[in-house]
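Each number in my numbering comes from the position in the sequence shown (counting from 1) with 197 added on. Glycine residues also receive a C-beta, built at the ideal position from the N, C-alpha and C atoms.
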Amino acid sequence: MKLDVDTLRYLLREDFKVLTAVEMGMTNHEIVPVEVVDRIARLKHGGTFKVLKNLLKHKLVHHDSSKYDGYRLTYLGYDFLAIKSLVNRGVFSSVGRQIGVGKESDIFEVATEDGNIMAMKLHRLGRVSFRAVKSKRDYLRHRRSYNWLYLSRLAALKEYAFMKALGVHGFPVPNAVDRNRHCVIMSLVQGYPLVQVKQLQNPDEIFDRIMSLVVRLAEHGLIHCDFNEFNIMIDDDEKITMIDFPQMVSVSHRNAQMYFDRDVECILKFFSKRFVVNSTGIA
C-alpha cells in the first residue's frame, strides 16, 4: 500500500483519536469491535462511526464483519500514527521521496525544518510468510501466533537498539536518530548498495575490510545473520556502511557458527563472482 502523506495533512484530531483507539484495542483483539473503539476514543454524539468511515475511505483501517462488526489498523494507518508522533516530537517536518523498497521495509527521505535530510525506515513484516520471517529472526522463534504490526514494531525496536550500540562502539553504521512504533529514523547513508557496484578501485582492500567487519562483530559478541551485498553500502570514496540488522544474534546462540560461516560465505561468493580478488577469506 503506497504511503500518501498528502492525506496526513487533512486528518483531524478526532481521526487520530480513533486511529489510536483501534491501535489500543488491537492489544487484545485481532479485530477490534466498534463499541470498543467508541469506548476508547470517547468522541461525542456518535462521532466515532463517522470518523471510522473516513479512515476506511483512506485505507487507514480495515473493516471486518465476518464474526462481528470491527476494525483493525492497516500498515498505512500505522504509518500515519508513527509519522504524526515523530513530527510532533520535532524529529522531522516533512516526508520526501521513497529511496528504497524491500521484502520487509520501505525507506523514505525525511527533512527537518532547517533542511537536514535523513532516512525513515518503515518495517513491513508480512510481505513474506511468517515462516520465512520467523526463520530469519531468532526473537520470534517461540511465537506461534503473530500480529504483523507488533512484529514490525519489534523489528524496529531491535534495529534501533543495535544501531545505537554499534555506533557507540565505532562500527560503520547509520546514526540512529529516533524511533516510534515500526519506524526508525537514521542518518542518510551516501552511496550505493554493494550489489549495484560493477567496479572497485581496490577490491582486495574492500573485501578485507568487510571480512574484518564480520570478525570484529563476532569479537563484540554479535553475528549479523544476513550479511551480504544488499546490506553493505559503499560510497564514491569506497567507504563502507553496514545496514539492516534487526536479525542479529549473540555468539552464544546455538547456531552462531553456522550463521557466521554463512555470512562469510555470502561475501566470499559475491566477491569471487563480481571482482578479481587475491584474498580467500578470513585468515
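Can you give me the start and stop residues for the alpha helix (DSSP H) that residue i sits inside?
i    : result
R406 : 400 to 416
D235 : 231 to 238
E227 : Counting along the chain, E227 falls outside any alpha helix (DSSP H), and DSSP gives it neither H nor E.
G388 : Neither: G388 is in no alpha helix (DSSP H) and is coded neither H nor E.
When DSSP labels each residue in this structure, what does residue i get in the three-state scheme?
i    : result
E211 : helix
S263 : coil
S290 : coil
L319 : strand
M439 : strand
T217 : helix
L354 : helix
G297 : strand
V370 : coil
S282 : helix
V448 : coil
V258 : strand
L205 : helix
L249 : helix
L419 : strand
Residue i and residue j: beta carbons closer than 8 Å?
i    : j    : result
M455 : L419 : no
V374 : T438 : no
F404 : V473 : no
V298 : M317 : no
I228 : R294 : no
D432 : G388 : yes
E356 : L322 : no
E220 : V248 : no
H379 : A279 : yes
L385 : I314 : yes
D460 : V411 : yes
L354 : R376 : yes
M383 : N399 : no
P230 : Y265 : yes
F368 : N425 : no
L465 : E435 : no
H226 : V215 : no
T204 : H255 : yes
D441 : D423 : yes
H366 : H417 : yes
T271 : H259 : yes
V448 : A415 : yes
For the beta strand (DSSP E) containing residue i, name the first residue and the last one.
i    : result
Q454 : Careful: Q454 lies outside any beta strand (DSSP E), inside the alpha helix (DSSP H) at 453 to 471.
E306 : 302 to 308
N428 : Taken as a continuous stretch (DSSP letters only), N428 belongs to no beta strand (DSSP E), as it is neither H nor E.
I382 : 380 to 384
L397 : Premise fails: L397 is in no beta strand (DSSP E) and is neither H nor E.
T271 : It is not in any beta strand (DSSP E) - T271 carries neither H nor E in the DSSP assignment.
V374 : 373 to 377
Rounded C-beta distance between residue i and residue j? I'm assuming under 8 Å.
i    : j    : result
A352 : P443 : 4 Å
L253 : F277 : L253 to F277, Cβ: 14 Å. No contact.
F427 : V392 : 5 Å
D235 : T224 : D235 to T224, Cβ: 16 Å. No contact.
M430 : P390 : 6 Å
Check whether the stretch 283 to 291 and the stretch 300 to 313 touch, using three or more Cβ-Cβ pairs below 8 Å as the test. yes
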